[in-house]
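Chemist: Mind looking over this structure? Questions follow.
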Amino acid sequence: MIPENIEPILRVQGLRAAIDGSQVVDGVDFEVPATGITALLGRNGVGKTSTIKSIIGLITRTGGTIELAGERIEKVPTHKIIQRGVGYVPEDREVFSALSVAENLKLAERDEHPNRQLVDELFPDLVKRAHQAAGSLSGGQQQMVSLARALLNDNKLLLVDEPTKGLAPKIVQEVAQALAVAAQSVPILLVEQNLAVVRQLAAGAIILSGGKVVHRTESATDFLNDEALTQRFLGVQSEGAVEQSADTTSGGML
Amino acid sequence: MSTLILLLITGVGLGALYFLVASGLSLIYGLMGVLNFAHGAFLTLGAFVSWEMSRRIGEGTWLTFIITLVIGAAVGGVFAALTEFALIRPLYNRHIEQVLVTVGLSLAAVAIFEGVWGTDSQYTKGPEWFTRTTDVLGAQVPNDRFVTIIVAALVLLGVVLFLKKTRYGMIIRAGVENRSMVTALGIDVRKAFTLVFTIGGAAAGIGGVLASHYFGYVSPALGGSLLIFAFIVTVIGGLGSLAGAAIASVVVGVLQQITNFYWGMGDFVVIVLLAVVLLTKPTGLMGKTA
Numbered sequence: 001m002i003p004e005n006i007e008p009i010l011r012v013q014g015l016r017a018a019i020d021g022s023q024v025v026d027g028v029d030f031e032v033p034a035t036g037i038t039a040l041l042g043r044n045g046v047g048k049t050s051t052i053k054s055i056i057g058l059i060t061r062t063g064g065t066i067e068l069a070g071e072r073i074e075k076v077p078t079h080k081i082i083q084r085g086v087g088y089v090p091e092d093r094e095v096f097s098a099l100s101v102a103e104n105l106k107l108a109e110r111d112e113h114p115n116r117q118l119v120d121e122l123f124p125d126l127v128k129r130a131h132q133a134a135g136s137l138s139g140g141q142q143q144m145v146s147l148a149r150a151l152l153n154d155n156k157l158l159l160v161d162e163p164t165k166g167l168a169p170k171i172v173q174e175v176a177q178a179l180a181v182a183a184q185s186v187p188i189l190l191v192e193q194n195l196a197v198v199r200q201l202a203a204g205a206i207i208l209s210g211g212k213v214v215h216r217t218e219s220a221t222d223f224l225n226d227e228a229l230t231q232r233f234l235g236v237q238s239e240g241a242v243e244q245s246a247d248t249t250s251g252g253m254l
Numbered sequence: 001m002s003t004l005i006l007l008l009i010t011g012v013g014l015g016a017l018y019f020l021v022a023s024g025l026s027l028i029y030g031l032m033g034v035l036n037f038a039h040g041a042f043l044t045l046g047a048f049v050s051w052e053m054s055r056r057i058g059e060g061t062w063l064t065f066i067i068t069l070v071i072g073a074a075v076g077g078v079f080a081a082l083t084e085f086a087l088i089r090p091l092y093n094r095h096i097e098q099v100l101v102t103v104g105l106s107l108a109a110v111a112i113f114e115g116v117w118g119t120d121s122q123y124t125k126g127p128e129w130f131t132r133t134t135d136v137l138g139a140q141v142p143n144d145r146f147v148t149i150i151v152a153a154l155v156l157l158g159v160v161l162f163l164k165k166t167r168y169g170m171i172i173r174a175g176v177e178n179r180s181m182v183t184a185l186g187i188d189v190r191k192a193f194t195l196v197f198t199i200g201g202a203a204a205g206i207g208g209v210l211a212s213h214y215f216g217y218v219s220p221a222l223g224g225s226l227l228i229f230a231f232i233v234t235v236i237g238g239l240g241s242l243a244g245a246a247i248a249s250v251v252v253g254v255l256q257q258i259t260n261f262y263w264g265m266g267d268f269v270v271i272v273l274l275a276v277v278l279l280t281k282p283t284g285l286m287g288k289t290a
């Protein structure tokens, strides 16, 4: 468990954000501890991705405060937030398909001495495919590129949005492994629909519904074991999710 | 046969002029989502300033011609950079307003050019060699056509190398594909905006100097008349694609010359081609899927 006296790395208070006039984030409050993986959970369309995007300003923020390592960032433009030490792994990977794997990684390097070795060890496949266009890779390989772009730099926080979405079970495990290794050195806020992966990785969890935080827990596992809670907030049978963990993310995950 | 060869080479020359305008339009639209109606003004200013300079340092020599190419590029590039900085940047992410401000600038610029240089065409004089012809398989091709084609090809080569080999080139290619993800990697994409405007403006300025020799004169309307076809080329080639712009430039230039010569309907045929491309492949020949 996280010691009480350590300051959270991210503190979000009353965060509001809108897309084309509709309020997708509606007064969200939560904290992300300075170590380990914190899961951001909820049904489809409750504003998980929008919350992540509004933290780094990819969606226009309309209110609230955000503190990264004690510094206010809600008015700071996206690229400067990233430069302060945030790694962002977007939903749907968003690799630059016309650029090579090497170029995708090169573009992401912010530090003078990027963690090449770590990335090469975690994703040996990418070393072999350095000169291949990223658009020609499989979904799993593209996810590796997307993760590698974030892990190349020393970050204060990683924001990782549905990294296992649409991936084959074997690749899901590789991604989970990579996240577990990364989490040893950097705190992660993880949006994840695959509850087996959440069990495996997450310490605490934050549950969203209708653009608001409806539940917080120090133990994601306890939460997922509580059938009444998971049924109420996620709309799934918690045991069912475990049984289907070998499946891809389609269907009965959330 | 010799007529066809002449039309072909002249058409490629015209296409080269279109490309010099369209390459900038395409990159600017691809990266920033801005249709730049002021792009013709960059070309016209480059042409006028170069014409003024060549009269002062002595028309009709190769040295003067080369100096004017450099001046055209510099004037077009600086004008474009100022435009981006003063007019486009304050309207960040407001695409309609950005387009409107470029329309306003294009109208104002023509009025200013008319005020400074008058509404009449100012005739240019290149090196003596430009006025002669070269025999290509029996066709007597005016030499300035070759110069236009070679310079445009060098510009294409230079831009391609810049995009492939430099960090900013990489940022521009990535930004054309997904601008918000570039910022989400911690990169200030606004510097790249100023850069594509500068590069596009410089190419247009070079185009202005070449056009003033190709047509034999400079007039305040020079840029606007080329801009219309450059827009068509950009759409046919695919917005955001440099290779698409290059191919479409040549296709449109050649098609226009040949149909103009035989049937006098070159402009009409180009519009028909535009319609056909939009109906069958709305993203253009090499455009990204929207």
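Top to bottom, those sequences are chains A and B.
The first sequence begins at 1 in the numbering used here and counts up by one.
The second sequence begins at 1 in the numbering used here and counts up by one.
In this text, a Cβ means the ideal position worked out from N, Cα and C, and glycines have one as well.
#1: Quick one: is residue 172 of chain B near chain A, going by C-beta distance under 8 Å?
#2: Let me make sure I understand the geometry here. Which of B:189, B:31, B:162, B:222 has the alpha-carbon closest to that of residue 38 of chain B?
#3: Select from B:243, B:109, B:173, B:207 the residue whose C-alpha is nearest the C-alpha of residue 195 of chain B.
#4: Roughly how many whole angstroms lie between the Cα atoms of residue 29 of chain B and residue 102 of chain B?
#5: Residues in its own chain within less than 6 Å of residue 77 of chain B by CB, not counting five upstream and five downstream?
#6: Go through its chain and collect everything with a Cβ distance to residue 144 of chain B's Cβ below 7 Å, but skip five positions before and after it.
#7: On the three-state DSSP scale, how would you describe residue 113 of chain A?
#8: If residue 160 of chain A sits next to residue 89 of chain A, beta carbons under 8 Å apart, how far is it from one beta carbon to the other, in whole angstroms?
#9: Listed in chain order, which residues of the stretch 55 to 89 of chain B have Cβ atoms closer than 7 Å to some Cβ of chain A?
#10: What does the alpha-carbon distance come out to for the pair residue 92 of chain B and residue 14 of chain B?
#11: Taking the alpha-carbon of residue 33 of chain B as reference, which of B:95, B:57, B:59 has the nearest alpha-carbon?
#12: Out of curiosity, what's the CA-to-CA distance linking residue 18 of chain B and residue 132 of chain B?
#13: Residues of chain A with CB under 7 Å from residue 178 of chain B, in chain order?
#14: With residue 262 of chain B as the anchor, note down where its beta strand (DSSP E) starts and where it stops.
#15: Compute the Euclidean distance between the alpha carbons of residue 57 of chain B and residue 64 of chain B, then round it to the nearest angstrom.
#16: Please name the residue or residues paired with residue 209 of chain A in a DSSP beta bridge.
#17: Do residue 148 of chain A and residue 105 of chain A have their C-beta atoms closer together than 8 Å?
#18: Hey, does residue 187 of chain B have any beta-carbon neighbour from chain A nearer than 8 Å?
#19: Please report the residue range of the beta strand (DSSP E) in which residue 56 of chain A lies.
#20: Could you tell me which uninterrupted alpha helix (DSSP H) segments, each at least 4 residues in length, are contained entirely in the stretch 185 to 216 of chain B, listed from first to last along the chain?
#21: With DSSP collapsed to three states, give me the class of residue 34 of chain A.
#22: Chain B partners of residue 90 of chain A, CB-CB under 8 Å?
#23: Going by CA-CA distance only, name the one from B:105, B:229, B:113, B:226 that's closest to residue 86 of chain B.
#24: Given that a residue counts as buried once 16 or more other Cβ atoms are within 10 Å of its Cβ, and exposed if not, what is residue 218 of chain A?
#25: Between residue 333 of chain B and the rest of its own chain, which residues show a CB-CB distance below 6 Å, the 5 nearest in sequence each way excluded?
#26: Compare the C-alpha of residue 124 of chain A against each of A:145, A:111, A:135, A:133 and name the closest.
#27: Are the CB atoms of residue 210 of chain B and residue 148 of chain B within a distance shorter than 8 Å?
Modeler: With the structure as the only source:
#1: For this step, residue 172 of chain B is matched to residue 172 along the second sequence. Answer no: the Cβ-Cβ gap between residue 172 of chain B and chain A never drops below 8 Å.
#2: As a working note, residue 38 of chain B is residue 38 in the second sequence. That would be B:222, whose Cα lies nearest to the Cα of residue 38 of chain B.
#3: What you label residue 195 of chain B is simply residue 195 of the second sequence in a count that begins at 1. Checked all of B:243, B:109, B:173, B:207; the closest Cα to residue 195 of chain B is B:173.
#4: Translated into positions along the second sequence, residue 29 of chain B becomes position 29. Translated into positions along the second sequence, residue 102 of chain B becomes position 102. Their backbone Cα atoms lie some 13 Å apart in a straight line.
#5: Residue 77 of chain B sits at position 77 when you count from the first residue of the second sequence. 198, 201, 202.
#6: Translated into positions along the second sequence, residue 144 of chain B becomes position 144. Cβ neighbours of residue 144 of chain B beyond the five flanking positions: 126, 130, 213, 214.
#7: Residue numbering aside, residue 113 of chain A sits at position 113 when the first sequence is read from its first letter. If DSSP states are grouped into helix, strand and coil, residue 113 of chain A belongs with coil.
#8: To locate residue 160 of chain A, count along the first sequence from 1; it is residue 160. To locate residue 89 of chain A, count along the first sequence from 1; it is residue 89. Right, their Cβ atoms sit about 4 Å apart.
#9: none
#10: As a first step, residue 92 of chain B is located in the second sequence; it is residue number 92 there, counting from the start. As a first step, residue 14 of chain B is located in the second sequence; it is residue number 14 there, counting from the start. Near 34 Å, if we compare the C-alpha coordinates of residue 14 of chain B and residue 92 of chain B.
#11: Taking the first residue of the second sequence as position 1, residue 33 of chain B is located at position 33. It is B:95.
#12: If you number the second sequence from 1, residue 18 of chain B lands on position 18. If you number the second sequence from 1, residue 132 of chain B lands on position 132. One C-alpha to the other measures close to 24 Å.
#13: Counted from its first residue, the second sequence places residue 178 of chain B at position 178. Those within 7 Å of residue 178 of chain B in chain A are 94, 96.
#14: As a first step, residue 262 of chain B must be located in the second sequence, where it is residue number 262. Segment 242 to 262 is the alpha helix (DSSP H) holding residue 262 of chain B; no beta strand (DSSP E) there.
#15: The sequence position of residue 57 of chain B within the second sequence is 57, counting from 1. The sequence position of residue 64 of chain B within the second sequence is 64, counting from 1. Distance between the alpha carbons of residue 57 of chain B and residue 64 of chain B: 7 Å.
#16: Within the first sequence, the letter at position 209 stands for residue 209 of chain A. DSSP output for residue 209 of chain A lists A:212 as bridge partner(s).
#17: Residue 148 of chain A sits at position 148 when you count from the first residue of the first sequence. Residue 105 of chain A sits at position 105 when you count from the first residue of the first sequence. Yes. Within cutoff.
#18: The residue given as residue 187 of chain B occupies position 187 in the second sequence. Judged by the 8 Å Cβ criterion, residue 187 of chain B is in contact with chain A.
#19: Residue mapping note: residue 56 of chain A aligns to position 56 of the first sequence, counting from 1. It is not in any beta strand (DSSP E) - residue 56 of chain A carries neither H nor E in the DSSP assignment.
#20: 189 to 214
#21: Indexing the first sequence from 1 puts residue 34 of chain A at position 34. Three-state result, residue 34 of chain A: coil.
#22: For the purposes of this step, residue 90 of chain A is taken as residue 90 along the first sequence, with counting starting at 1. Those within 8 Å of residue 90 of chain A in chain B are 181, 184.
#23: Indexing the second sequence from 1 puts residue 86 of chain B at position 86. Residue B:105 is the option with its Cα nearest to residue 86 of chain B.
#24: Against the first sequence, residue 218 of chain A aligns to sequence position 218. Exposed: under 16 other Cβ atoms inside 10 Å.
#25: Because chain B spans 1 through 290 in this model, residue 333 of chain B falls outside it and cannot be assessed.
#26: The residue you call residue 124 of chain A lines up with position 124 of the first sequence. Among A:145, A:111, A:135, A:133, the Cα nearest to that of residue 124 of chain A is on A:145.
#27: For the purposes of this step, residue 148 of chain B is taken as residue 148 along the second sequence, with counting starting at 1. For the purposes of this step, residue 210 of chain B is taken as residue 210 along the second sequence, with counting starting at 1. Yes; because the gap between Cβ atoms is below 8 Å, this pair is in contact.
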